[in-house]
Amino acid sequence: MLNVLNFKCDGLRKYLEENKFRGFKANQIIDWIYNKKVFDFNEMTNLSNVERKQFNDILKIELPLIEKVQKSKDGTVKFLLKLVDGNLIECVFMMYEYGNTICISTQVGCAMGCKFCASTVNGFLRNLELCELMGQILVVEKYTRKKINRIVLMGTGEPLYNYENVVTFIHEMKSKMGMSNRHITLSTCGIVPKIYDLAKEDLNINLAISLHAVSDDKRKTIMPIANKYSIDQLIEACLDYFDKTKRRISFEYLLINGINDGEDDAKSLVSLCKRSKAHVNLIPVNEINENDFKESKRLKEFYNYLLDSGVNATMRQKKGVDIDAACGQLRLSYSK
Ligand code: SF4
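See the structure below:
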């Protein structure tokens, strides 16, 4: 039986027509699911009793199950979700003054091996399907009873290595939930050829680069992807993305004590930002047991240096510090 959440809008219409239903029934079903958060054909009151039965015979609406919820005092809610095959993923709901934001996962586990990240500790298992990407939004909106205004693809996984499903998901968010592309941010550790591809997709979403170091040698020590693509190649891809989409690039920069928080690092970061017109999002480290990385003692100094040098920089607010809100921590603690 096919899961409705795996259909694109036009695909559902076509499938229903092939099964002798009128095509507009697809719009009704989509409205119930994505706007009214009703996931049972029997509760869709503008379908006839016969239609409800017929849809139940050929289709299902299957969401990930909530395995565990952690709530922070600051309103952040972290979800551990169980997929149909029993795998676990995480997503996080956060409230900011500019709107309700969800950080979603794009893969089960991650192959990229970034040394500071809990999501990669047990390696990569598989890509998430469209229904599982959509499912995270729907489960969280239903649970919190809040409308999500912004999506960041910054949870477990490298989104550009689940390219087709992620691009389809972004298109579908726009058509099914009216999400503005400008309110979607994709974060990548720097898969250079895919950044060029993404620039051609006519999506115009925000692009965040997990940079975390400003020399290739240093980057290689914390991010294995740096062995494949240099910072120069990455910057060229970012310039191309900016040129084609006019969307601002941001660099994510974890400040790790004694690793990448020195004066020389700050100076090099300033010149990289000026070259690429990028914004910097400084992130305090979430300390995890699997490595020895500690929060920088130079957070403020580093931040002020960037500002004084004319760089557009922000310091990410720590969210959910009283729960395991860093990427991959909850899933990891559950698999022990
Ligand atoms: S930071 Fe992102 S790309 Fe790197 S290991 Fe973690 S989830 Fe994967």
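Counting from 1 along the sequence shown, just add 1 to a position and that's the residue number in the numbering used here. Heads up, the beta-carbon is just placed ideally off N, CA and C, and yes, glycines get one too. All of these numbers come straight from a predicted model, not from anything done at the bench.
Every unbroken stretch of the beta strand (DSSP E) spanning 3 or more residues and falling wholly within the segment 51-123 is given here in chain order: 66-72, 78-83, 89-97, 100-104, 108-110. Here T189 carries a strand assignment [DSSP, helix/strand/coil].
For the options R146, M316, D309, V215, the alpha carbon positioned closest to that of V78 is the one of R146. Annotation note: the segment 246-293 contains the following uninterrupted alpha helix (DSSP H) runs of length 4 or greater, listed N- to C-terminal: 264-277. The count of Cβ pairs closer than 8 Å, one atom from the segment 77-97 and one from the segment 116-135, reaches three, so the stretches are in contact. The segment 26-40 makes no contact with the segment 106-116; the number of CB pairs closer than 8 Å stays below 3.
Here the C-alpha atom of V286 lies approximately 33 Å from the C-alpha atom of E202. A238 has its alpha-carbon roughly 22 Å from the corresponding atom of D266. Two segments are said to touch when three or more pairs of C-beta atoms, one from each, lie closer than 8 Å; by this definition the segment 142-158 touches the segment 91-105.
Going by beta carbons, S73 and G321 fall inside the 8 Å limit.
Remark: C-beta atoms of I250 and I210 approach each other more closely than 8 Å. Apart from the 5 residues on each side of it in sequence, D323 sits with its Cβ closer than 7 Å to the Cβ of S73, K74 in its chain, given in chain order. Using a Cβ distance threshold of 8 Å, I226 and T157 do not count as a contacting pair. For C92, the Cβ stays outside the 7 Å cut-off from all heavy atoms of ligand 1. I210 is bridged by DSSP to T189, F252.
Less than 8 Å divides the Cβ of K61 from the Cβ of N4.
Under the three-state reduction of DSSP output, F40 falls in the coil class, being neither helix nor strand.
Near ligand 1, residues with a Cβ at less than 5 Å from any of the ligand's heavy atoms are C111, M113, C115, C118, S120, T121, E159, C190; the list follows chain order.
For the pair Q234 and V271, the Cα-to-Cα distance works out to about 18 Å. With fewer than three CB-CB distances shorter than 8 Å, the segment 7-19 does not count as touching the segment 179-192. Within 10 angstroms of the beta-carbon of K295 lie fewer than 16 other beta-carbons, which makes it exposed. When Q137, M45, D58 are compared, the shortest CA-CA separation from I67 is found for Q137. Of V70, D241, D217, the smallest CA-CA separation from Y230 is found for D217. DSSP, read as helix, strand or coil, puts M135 in helix. Minimum Cα-Cα distance from S297 among the listed residues L307, S277, G263 corresponds to G263. When secondary structure is reduced to three states using DSSP, E202 falls in the coil class, being assigned neither helix nor strand. In this structure E253 is not in contact with L308, their Cβ atoms being roughly 17 Å apart against a cut-off of 8 Å.
Look at I152 here: in three-state DSSP terms it is strand. As computed with DSSP, M316 is found in a beta bridge with L283.
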